[in-house]
Structures are given as structure tokens and as C-alpha cells.
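A.B. asks: Residue numbers (the working numbering), protein chains in the order written: chain A, 48 to 530; chain B, 382 to 860; chain C, 46 to 139. Before I ask anything, here is the structure I am working with.
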Amino acid sequence: MSTIYDQYETVIGLEIHIQLNTNSKAFCGDDAHFGGAPNTHVSAISLGHPGTLPRLNAQQIKSAIKLGLALGSEINSVNTFDRKNYFYADLPKGYQITQDNQPFCRGGSVMVKTINGERAIRTHHIHMEEDAGKSIHDLDPNHSFIDLNRAGVPLLEIVTEPDLRSGEEVEAYMLAMRQLVRYLDISDGNMDEGSMRCDVNISVRKKGETTFGERCEVKNVNSMRFAKRAIQYEVKRQIDLIESGGKVRQQTLNFDPETGVTSPLRDKEDAHDYRYFPEPDLPPVHLSNEQIELWKSELPALPKELYAKFTKEHQLSDYDATILTEERPVAVFYQKLAELNGNYKAVANLMINKIRPYIQEQKIHIQEFPVPVNSLSDFIQLIVDGKVASAMAYQRIFPKLIETPNETPLSIAEQLHLIQSADEDFLMTLVKEVIEKNPQKVAAYQKGKKGLIGFFMGEIMRASKGKADPKATNQLLGELLRK
Amino acid sequence: MSKNTTLQQIQSAIQSGDLTCVELVNTYLAQIQKTSDLNAYVEVFEEEAIAKAKALDTKYKNDPTSVGKLFGMVVSIKDVLCYKDHQVTGASKILEDFTSLYSATAIERIVNEDAIIIGRVNCDQFGMGSTNENSVYGVTKNGIDPTKVPGGSSGGSAVSVQMDTCLVSLGTDTGGSVRQPAGFCGVIGLKPTYGRISRYGLLAYASSFDQIGIISKSVENIATILEVMAGADEFDSTVSSKLVPNYIQELDFDTNKKVKIAYFDTALNHPSIDPEIKDQTTQLIEKIKGEGHTVEAVPFEYLDYIIPAYYVLTTAEASSNLSRYDGIRYGHRSKAATNLEETYKMSRTEGFSTEVKRRIMLGTFVLSAGYYDAYYGKAQKVRRLIQDRTNEILNDYDFILMPVAPTTAWDLGQSLEDPVAMYLADIFTVQANMTGMPAIALPIGTHSSGLPIGVQLMNKHFGESELLSISKYLINLLK
Amino acid sequence: MKIDKSLISRIEHLARLQLSDTERTQIQGDLNNILEMVSKLDELNTDGIEPLVYMSDTVNSFRPDEVTNQVERSDALKNAPDSNEQFFKVPRVM
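Pasting the structure below:
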């Protein structure tokens, strides 16, 4: 049953802030890492002391360009900085150094999986800026406490076109962006720690309309779940307002996760007059084509590329390829293993069913996985060659291999007596035994109940303690039963 | 002490055993005491200077080759230059009791070469003013006539040198603040090319105009200290990495070489100019011509546009640069403030002088939404016109010659009645800051009132060598 | 261009100043005089002229991504009008 809400379309644009994982801050040598006791990652420069000046972090530029290239953006060859002037206790200079006029990157897009298939969400631009410090309001009834560790940490801001149409799409976009910045190793994209933050611009319009409705901005949404809830609330609020004859006013809003409600942020009338002007303390950055091409050549293979390779060349399923490309270190590990052992499906199975769960459980990086890749390749080969039953391999050999990674899979298999035997005499004894023990079943089989072969195989495998080579056993069994 | 003492002369005297650093410092300290009525010094580093002098004397005695290039040089620094563990206040209340955590790069360099910093001198608040009457420490008086201003904003610097309380003073020059007081006080003041000396540690007034300037009674001293301070700095993105010439070696003017000097009719015949200044400048021109050099009038149609453009651009940058003075992390915080907004508004209102507030307001206005293009944008374009035209002139001429100021030093209190008139008096000095070119003020004579008259020379970017050598030449010519 | 009372108040707020009535009237007058002086710039035709923004030829002034030049917390806080051992303190924002 269609409701009034179904007549409307949601239009969303995002402003995503990515905190870069550089060693030092954007414009001075303070430690940029998260954590650290309050006011210990500071200097006269980040404290905004008299006479101090900014100096640009070379790594910040590289990270910005990497992201721009990954999104297919146009990279500006002449880049400049601007001052955004406003007063707040955690903004030491009374202005933020940002880019208003000539940002590093323009255009490009991110592909997002939606219910209607894949869509490109276009990037308006990407610019560089610096983060503010932190104000803490709840430690003292009469005071706010200021910690400037974060002041000056380098940020990239990605501004999208208003191409998103639902909270689910927003979540998909944010997941894709998080994956991308991790792939590029420019940020850990961790929303809990604030390395990825999001402002959501929301408007509504009647379906079929081409002009945009008035939008509201929900600031500083710090989880994807909250983003979806905020969007849900705000869309309904706007539609209700319009339907009751009101008009949506352009406002800046705050989302309260406790109540699930958006409300206007105070004192924003003068927020629009930031008096931007070119930052005189920072000269322009000129990027040559050669430099950009060099950085382009250094880009790692991106999720999309790897997904295509794994599905088209390796014939992996969408499910397998998606999991394997989720995080770059896992994809890289898979590729290394796949290069050694071309049984892609078997490699994928091992990765997805055993290795990945293990590292997640142990809370280690895949680079710390104890078993060397050539051992793992040998392990897979044992199964593929039929030397060990796969169930036995996974359940018995794999754990031992982790315990004693210096031992080869083959020697472990031998120690555990798991090598399947295709030895004729050995098998002959077993098959004859089982046939002799079950005369009625043999008769029934010979009369036409071909399904009973499973029963015989099961008995033989059990009697052999898994060592019987199934193929050879099957063949022998078939021969003897026909007699 | 001889009026034209150079560092070389001091170093010779020390070498021959006629002088020690301790004696030198004590002489200066006594002179500071004697002239304290002029109120040039905000703080005298008496104990420190003597201790440093003692240590240097010992160092010299143990190994005369171990001392730095500025051994024997005693320097005063304007209260806008950061000196580690010393107070710097910009002559303001908002920075009262503020102690700097670091030294300006220029200060570090001179200290590393064994200069002795004897004290912090008075100035107009945050460099804003032309009379040194805008200071929280009161006015500084001109030593030649204490009823007159010394000029500004580096008035304290000029007087400290004028009265022989130090050999050199470091000031700052954004629109003439080193050259004009040098002119008013009868001493020499150099503003180097923008980007020649690092601005790290200079309390920013207008970022694209500010430069540390040098005041002394001899060109040699200026050349010596300039060489030590100039050059690339990891803390300043705008500083030039151009090689620093050996200014001392290049100081001697080749008298066989004839130069071409331009001057502006519009300047010499400006309605505001004192007739004696015009006369003496004209006489100087004739004298120079008499030596076989070319001195010609050249059209410069932009003279009257320099001040308007200057005040739009500098106040805009200043309004932003002064935002950090907010009572939050350092400096004065109003006791009456009960919330964050009040902390800002009351601390800043209490902490800044009227002149500073006036400029902040103007700067905020010209940057604000709706007015940016008409004012700031426009002024930036005018700046381009001025720089291009000046470059054009300096392609054909070696130097531009101009008066330092339309008048000699004003009476104390005279300028405060009309800020616009005071702004317009910067007309001759501002061009060098608008274009970023180096310029120097030289004393050329005395007015019938007894007050000094100066002249200004300007040349192309990074032309300090030529500028200093012709200055030395002209000073000798005038002896 | 004349600056009226409401514009002056807005500029005051943007600059975080709180002028007394006398100061405000004085500065308002001064600003209007200065703007009068500044209006002279309108006499110049600047069509097609590139604004002069950067005063040095320097471009690409970078520093390497290294941690350096930090200060001790005690130094960071030592000039603070109000602080405790860890934080700068300001009156509550609201």
C-alpha cells in the first residue's frame, strides 16, 4: 500500500572527512597519531603561538593525490590554500587552513552497490585541510576542557554530488570509501576513533521533479548506523513539514543518537561568513604530470580491479571474491598463495574458511599468520592430489601446522597416519572384508539398489580410518560387486 | 663612543685589548639608564647581557678564532620578535606576561653568532602605527627633540640606536615601520626583500608585507647582521632559498661605475611634502648627478593608490593574524567573562588598543561576504599594477629614490586626531612593502627645526648588495 | 559605501569585539572616512588584471613527514590563563 512518503524521493550529498595516517601533522611536526595524553602532541605552531607559521607535510599531498587518482578525479596542477576564519576554543589560530578556491581534486566517482544495481556516486571535489582540537564539556560543571592533540592533524574532505538516494546507499558509499582509504593506506577509516566522519546533506522532492528541495545538513555523524537513522528521521520530518504546508529552511542540524532526533545547532547565522582569503603563509603547490604519473604507477590494485580478476580470471564466486577483496592485506595474501598454487577455488576455501577466521579470532594481522605461504600451498596440493581426505586435512593437519609451522604438511600427515592409500592389497583386504560382512546388502545392490554403494564406501572409509583413497576404493568396490 | 662605530672597529678594539665585551655592555647599559626618559626600552636584559659578555670574553681569551661573526655586536629587539624564555607582548595588554617558547629564526641565528641581546624595545602595538604612541607602555620620545615622536612602529628600535644604547636594532617593517623611524631619528634603516629573512618568530601583522628590518648608524653593521640572518628556513614556507651573498665583501661601490636612478615627480612635488625636505632631496639629486650618475624623473601614476590598497590588504591579513589573541591559551583573559563568547569579546576588547581594534574592524569588513571583491579583490589587482610598474622602472634604472616621509617627526599627540592623515603619511615607504622590494632610509641632512631629514632608496628584489653599496657611497658623499 | 549601525555590530561580532558606545561611534566614523579614502581605487581600471597574491617565487615548500619540535605539556600550558595539569580550561561554552 503506497503512502504519502512513497511520492517523495530523498536526495543526499555527503561531506566525508578522512583523517590521514601520517606521522606528523599537516602544517607542523607534531605527532599526528590518535591517542596520547592530552596536550602532549603539541608545539608552539599547533598552539597558535605568536609568530608561528605553517609548513606543509609532503605526505599529505601524496595521500590526497592517491585518493584522487583512485576515484578517477582530475588532479589540479596548481593548488592553493585558503584561510577559513571563525572563533572556537579548539581552533588555536582563529582560522582553519583549508582549500576553498583550488582544491587538489575535482570529479571522479565511487561505484556503489544499490538495490537497483551498481551506480556511480560522483565526487564534486576533494580538498585538504587541518583538524581542530577537542573540547570536552562534561568533566567540569563550569568549564570546558581543551585538548589540542588533534589540532592540525591532516584531513581530506570528500564532497559528493547529491547523487545518493537512501540511507542504505549512504552506508554502501561509506563502506566503499572506508575500504578504499584502507587499500590506499592513507587512513584507517575508523569511525569510532574519528578517522572518518561524515556530514550528511538531506533534501526531499516529489518523484519526477528535477529541481532540488531545500537541504539541511546533519553534522558530524560518527557511525553508519547513526547516518541511516538520522536520514530516516530527517526525511520524514521534511516530508511531514512540506505536507502540512510548511517550507524546509536551510539549517545545520545535530543528530542525537539517544533520541533519534535531529535538531538545529545553535548560533549558526554568522557561520556562513568565514571570510575566506588566500593563505599568504603557504605558497602554491605545483604538481607536474610526471609526478602524478609516478604516483599513479605506485597505486596498489584497487578492490574493483581485484574483484574483477578473482571472478573473471580465477572463476571465484561473487561471495568469495567479495570476502577476499574486503581488505587489501587479505587480497594480497590470497594472490601470493594463488600464484604458488593455481587451484584457486581450493585456495579461496582455505582463506575464507580457515585462515581468515583464525586471524580474526587471534586478533592478528594476516602478515602475522604463522604458516609460510609455500607450506600452505603444499597443504592445498595434498588435498588436490588426493593424498589426504579434505576433511582430515582441515580438521587434523591444519591445526598442527599452525602449532608447528616449521614442519611440512606432508610430514605432519605421515605422522598422523593420514596419507590415503591407493595400495591395491590394502584396499582389497578392506573391500573384501566389508563385502563379506554384508551379504544381504551386496545382493540388494546386485539386484538394482545402486544407492547402496554409498553405504559400502562409508564402511570402508571408516574401517580404513580415512586412509583409503576414495577414488581407487570406489573403482575396486565397483569391480568386486559386479562379480 | 664614536658616532659611526662599526662592528669591525669594535672587534679591532677588543683584539688590541682596548675593550672587552663586559666594558662594552656596561657602557650601553649606562647609556640606557641615562636616556631612560625617552622610554625606548620595555625590558633591559641587564644581568643576562653581562653574563653573556663575561662568557664571550672568556671564550675569546681562550681562542680568538672560536667566537662568532657577531662577536662584539650588541643588539636591541622590537617587542614583536620572539626570544625563547623571554616575554614578548607586541606592546599590548592582550599578550601581557606572555613568555615565548621559542626564538625567532633570525634571533637564533644572531645569538648563535655571539651577538648580545641587551633588551626589548618599545613599538606601536602589533606594528600598527607610525608614531610609537600606540603602545601599552606609553610613548617613546625622539632623542633629538623629546617633544617629538620617533616615528613608528619601530620607534623604540630607532631611538635605541640613535642614543647609542646598542649597535644595531632589529625592528619590523610592514609599511615603512623601520625606514620611517630611522628617517625621523637620523639613523639608517633597511627593509630587506620580502622573503630574504625568515618571518618565523615575528608577530604577524600582514603576512605578505612583514619583514624584519635592521637599524644602525653604519651600513657595514647592517650588511654584517643581514648576512647572518638571511636565507632559507625550515619553519617559514615563504622564505627564499636564494643564496645569501657576502654582503660585506660586496659593500664597496665601484666609483667608475655610473648608475641610473629614477625618482617620481609626483613624490617630490607631492602636496603634503615639507619644502625643506623637497629642497634637500633635490640638492642630493644634483650632487649625485655631479658625480656623473644619471638621475631622472620618471612617471609613476599609481602613487596615490598605494595607501588605499595597502590599508585594505594589510588590515585584512591583520584581522585574521590577530584572531589567535583570544584569551584562551595564553595572554590576557578578562576577569569579567562568564562564558566562552564573553571570554573572546571582553579579553580582546580589553586587550587591544583603539588603533588595533580599528584595523581589525576594517580588515574584517573588507573580507566579509559581499564586500570581498570590491575591496580585497580590487586591492590585490591594484597591487599587481603597482608591482608591474615598479618592476618596469627598475628594468631601466638601478634604483628609485624617494623621500622617506612628507614631513619630519610630528609633535607628540599630533597624529592621533586624524588616523587617515597619519595613514597617508606612509605614502613613500609603503611601495617597497607592496612590491616586496628592498629599501633603505639614509640620513641626508637636518631640517631648520633641528630634526633629521632622510632619503629612501629602493631597488629590485634581492638587490640588497647593490642597495647597501650605493648607500655606503652616498653616505660618504654627504660627509 | 557607508557603514551603518547594524553593519558595524555585525563586524564587531565577527571580530569578537565588544566596543563601548563611544568607541563604536568613533570607529564607525573612522571606518567611513577610511573607506572614503579607499574608494580612490575605483578610479583604476583593473579589468583582466591578475590579483597579486603571493609575494615570493617559492612554490612546493614541503617538509618531510617526521615527528619533531614538540613541546612539553607543562610548557604548552604555562602561559594559560586557566588550566589544570592536562587541559586548557575555558568557561563552559553554553
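No residue lacks a Cβ here, since even glycine has one placed at the ideal position from N, Cα and C.
Would you list the one or two residues that DSSP bridges to Ile-821 of chain B?
C.D. replies: B:Leu-571, B:Leu-838
A.B. asks: Along the region 122–135 of chain A, what residues have a CB closer than 7 Å to any CB found in chain E?
C.D. replies: In the structure shown, chain E does not exist; the protein chains are A, B and C.
A.B. asks: What number of angstroms, rounded off, separates the C-alpha of Pro-188 of chain A from the C-alpha of Ser-182 of chain A?
C.D. replies: 14 Å
A.B. asks: Taking Cβ positions, are Leu-371 of chain A and Val-379 of chain A nearer each other than 8 Å?
C.D. replies: no
A.B. asks: At which residues does the alpha helix (DSSP H) containing Tyr-366 of chain A begin and terminate?
C.D. replies: 365–372
A.B. asks: Alpha carbon to alpha carbon, how far is Leu-67 of chain A from Ser-344 of chain A?
C.D. replies: Computed Cα separation, rounded: 21 Å.
A.B. asks: Give the DSSP bridge partners of Asn-627 of chain B, in chain order.
C.D. replies: Answer is none; Asn-627 of chain B lacks a bridge partner.
A.B. asks: With a cut-off of 8 Å, does the C-beta of Arg-262 of chain A fall near any C-beta of chain C?
C.D. replies: no
A.B. asks: Note down the Cα distance separating Pro-281 of chain A from Arg-272 of chain A, rounded to an integer number of angstroms.
C.D. replies: Here the sequence assigns Glu to residue 281 of chain A, which means Pro is not the residue at that position. When rounded, the distance between both Cα atoms is 14 Å.
A.B. asks: Which residues of the region 139–161 of chain A have a Cβ closer than 9 Å to any Cβ of chain B? Give them in chain order.
C.D. replies: Pro-139, Lys-140, Gly-141, Tyr-142
A.B. asks: Comparing the C-beta of Asn-720 of chain B with each C-beta of chain C, is any distance below 8 Å?
C.D. replies: yes
A.B. asks: If you draw a straight line from the alpha carbon of Met-46 of chain C to that of Val-517 of chain B, how long is it in whole angstroms?
C.D. replies: 33 Å
A.B. asks: Do you know how far the Cα of Asp-210 of chain A is from the Cα of Ala-167 of chain A?
C.D. replies: 8 Å
A.B. asks: Would you identify the three-state DSSP class for Lys-738 of chain B, choosing helix, strand or coil?
C.D. replies: helix
A.B. asks: Any idea which residues DSSP pairs Val-425 of chain B with across the strands?
C.D. replies: B:Gly-500
A.B. asks: Within 8 Å (strictly less), CB to CB, does Val-785 of chain B reach chain C?
C.D. replies: no
A.B. asks: Grab me the residues of Thr-816 of chain B's own chain with a C-beta within less than 7 Å of its C-beta, minus the 5 sequence neighbours each way, in chain order.
C.D. replies: Ile-767, Gln-768, Thr-771
A.B. asks: Considering only residues of the region 70–147 of chain A, which uninterrupted alpha helix (DSSP H) runs meet the minimum length of 4 residues and lie entirely inside it, listed in chain order?
C.D. replies: 105–117
A.B. asks: State the Cα-Cα distance for the pair Val-268 of chain A and Lys-131 of chain A, rounded to the nearest angstrom.
C.D. replies: 22 Å
A.B. asks: Using three-state DSSP, classify Met-175 of chain A as helix, strand or coil.
C.D. replies: strand
A.B. asks: Report the option in A:Asn-248, A:Glu-177, A:Arg-252 whose CA atom is closest to the CA atom of Lys-297 of chain A.
C.D. replies: Before going on, a small fix: residue 297 of chain A reads as Gln here, not Lys. The candidate whose alpha carbon is nearest that of Gln-297 of chain A is A:Asn-248.
A.B. asks: List the endpoints of the continuous beta strand (DSSP E) containing Arg-244 of chain A.
C.D. replies: 243–253
A.B. asks: At a CB distance below 7 Å, what residues from the region 469–482 of chain B approach chain C? Give them in sequence order.
C.D. replies: Phe-479, Thr-480, Leu-482
A.B. asks: Measuring only between beta-carbons, confirm whether Val-89 of chain A sits less than 8 Å from chain C.
C.D. replies: Yes - at least one Cβ of chain C is within 8 Å of the one on Val-89 of chain A.
A.B. asks: Listed in chain order, which residues of the region 106–130 of chain C have Cβ atoms closer than 7 Å to some Cβ of chain A?
C.D. replies: Ser-106, Phe-107, Arg-108, Pro-109, Asp-110, Glu-111, Val-112, Thr-113, Asn-114, Gln-115, Val-116, Arg-118, Ala-121, Leu-122
A.B. asks: Residues of the region 573–588 of chain B with a CB closer than 9 Å to any CB of chain A: list them in chain order, please.
C.D. replies: Ser-579, Arg-580, Tyr-581, Gly-582, Leu-583, Leu-584, Ala-585, Ala-587, Ser-588
A.B. asks: List the residues of chain C whose Cβ lies closer than 7 Å to the Cβ of Ser-700 of chain B, in chain order.
C.D. replies: Those are Ala-60, listed as they occur along chain C.
A.B. asks: For a contact defined as C-beta to C-beta under 8 Å, what are the partners of Lys-134 of chain C on chain A?
C.D. replies: Asp-187, His-190, Ser-191, Phe-192, Ile-193
A.B. asks: If contacts are defined as beta-carbon pairs under 8 Å, then Leu-59 of chain C and Ser-457 of chain B qualify, I think. What distance do you get, rounded to the angstrom?
C.D. replies: Going by Cβ atoms, the distance from Leu-59 of chain C to Ser-457 of chain B rounds to 37 Å, so no, they are not a contact pair.
A.B. asks: Please determine if the region 425–434 of chain B and the region 513–529 of chain B are in contact, where contact requires at least 3 C-beta pairs separated by less than 8 Å.
C.D. replies: no
A.B. asks: Would you identify the three-state DSSP class for Lys-474 of chain B, choosing helix, strand or coil?
C.D. replies: Coil at Lys-474 of chain B, not helix or strand.
A.B. asks: Quick test of the definition: if touching needs 3 or more C-beta pairs under 8 Å, does the region 80–100 of chain A touch the region 596–610 of chain B?
C.D. replies: Between the region 80–100 of chain A and the region 596–610 of chain B, the count of C-beta pairs closer than 8 Å stays below three; the two stretches do not touch.
A.B. asks: Report the residue from B:Asn-776, B:Val-811, B:Val-763, B:Met-803 whose alpha carbon sits nearest the alpha carbon of Ser-84 of chain C.
C.D. replies: B:Val-763
A.B. asks: What residue from B:Ile-488, B:Asp-444, B:Ser-473, B:Asp-478 has the CA that sits closest to Lys-465 of chain B's CA?
C.D. replies: When C-alpha distances from Lys-465 of chain B are compared across B:Ile-488, B:Asp-444, B:Ser-473, B:Asp-478, the shortest belongs to B:Ile-488.
A.B. asks: Thinking just about the alpha-carbon of each residue, which of A:Ser-71, A:Asp-185, A:Asp-232, A:Asn-70 is nearest to the one in Ile-112 of chain A?
C.D. replies: A:Asp-232
A.B. asks: Pick from B:Asp-495, B:Tyr-804, B:Arg-580: whose alpha carbon is nearest that of Ser-653 of chain B?
C.D. replies: B:Tyr-804
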